[in-house]
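Quick mapping for you: the protein sequence lines, in order, are chains A and B.
For the first sequence, position 115 (counting from the first letter as 1) is numbered 115 according to this note's numbering, and the numbering increases by one without interruption.
Throughout, this note's numbering is defined as the position within the second sequence, counted from one, plus 1000.
Cβ atoms here follow ideal geometry from the backbone N, Cα and C, with glycine treated the same way.
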Amino acid sequence: MRLTEFVVKEAVLPQLVAESKQAAIRQMVGSLKGNGKIREADEEAIVAAILKREELGSTGIGRGVAVPHTKHPSADSIISTVAICHGGLDFESLDGEDVYILFLLISPPDRPGDHLRGLETITRHLKNDDFCSFLRQAKTTQAVWDLLQEADESHV
Amino acid sequence: MSSLASPSGSNLISRRVQLKLAQGLHIRACSRVVALVGAFNGRVRIRCGERSADASSMFDLIQLVAVPGSELILEGDGDGAEPILESLEQFLSQKNEPQD
């Protein structure tokens, strides 16, 4: 699976400013809605489902990365957006550190394999220190997208 | 349970487990695994097909892409490895995860 297959370029938020993880999640879902990837009618339910999932345990998985996610019947295939929070965000991460890179994922409910492969793709690239570092410094959508493309090409 | 000599000369124990968690080894399940092995001073690895993960690393575990029904091999090395593998087997063999 390639990052650029499921990340929605137009919904990338390269300079996210949010006061809380709830606000960050709301902005990211709003960006997918604003770009026509989810219906307005589904927006609140998706935000609520992601926040409910966070209550079960933070998706801040360490290395300054969070992967908030949910499964929703409106998703025909896995979709994602990326946000870079240059100031850092308290995400109640497992390692206690602030989060700078967020990948928000929405997957179809009946295909756990797709969801796991999406997570694998994201974490495989984010284990690379250079990729992580450059992504944290990216300040435009195109800069983020170029890095995702480079990552995809280096692992084909 | 089987016992093998590890390269360091200590005893490596292993167990085969069928993953029954309904959502596979997803993030919350991985964090539970990390928590279970957190207090253990030895090493635990989980193998799934050709992939192998350090059970104390979220990033490693996610990369197993272990879907429901996968056969996992748990390997522990060090004093107290057996109860750790027992706990892991118990957790990975249940269909419904505790909501804590």
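Under 9 Å from the C-beta of Arg-1028(B): neighbouring residues of chain A: Here the neighbours are Arg-53, Leu-56, Gly-57, Thr-59.
Look at the alpha carbon of Arg-1047(B) and the alpha carbon of Ile-1073(B), and state the distance between them as a whole number of angstroms. 5 Å
Helix, strand or coil for Asp-42(A) per DSSP? Per DSSP, reduced to three states, the secondary structure at Asp-42(A) is helical.
Taking 8 Å as the threshold (C-beta atoms), are Leu-1019(B) and Ser-1070(B) in contact? Taking 8 Å as the Cβ cut-off, Ser-1070(B) and Leu-1019(B) qualify as a contacting pair.
Kindly list, in the order they appear in chain B, the residues whose Cβ is closer than 9 Å to that of Gly-62(A). Ser-1057, Met-1058, Phe-1059
Look at the Cβ atom of Glu-1089(B), then the Cβ atom of Val-1017(B), and state whether they are nearer than 8 Å. yes
Taking C-alpha atoms, which residue in Leu-32(A), His-115(A), Asp-110(A), Thr-59(A) lies nearest to Gly-96(A)? Thr-59(A)
If you measure beta-carbon to beta-carbon, which residues of the segment 1065-1092 of chain B are closer than 8 Å to chain A? Val-1065, Ala-1066, Val-1067, Pro-1068
7 Å Cβ shell around Arg-1045(B) - same chain, five flanking residues per side excluded: Correct list, in chain order: Ser-1052, Ala-1053, Asp-1054, Ala-1055, Glu-1075.
Return yes when the Cβ of Ile-25(A) is within less than 8 Å of the Cβ of Ile-50(A), no when it is not. For Ile-50(A) and Ile-25(A), yes; Cβs fall inside 8 Å.
Around the C-beta of Glu-19(A), are 16 or more other C-beta atoms found within 10 angstroms, so that it is buried, or is it exposed? exposed
Which partner residues of Leu-148(A) appear in the DSSP bridge assignment? Answer is none; Leu-148(A) lacks a bridge partner.
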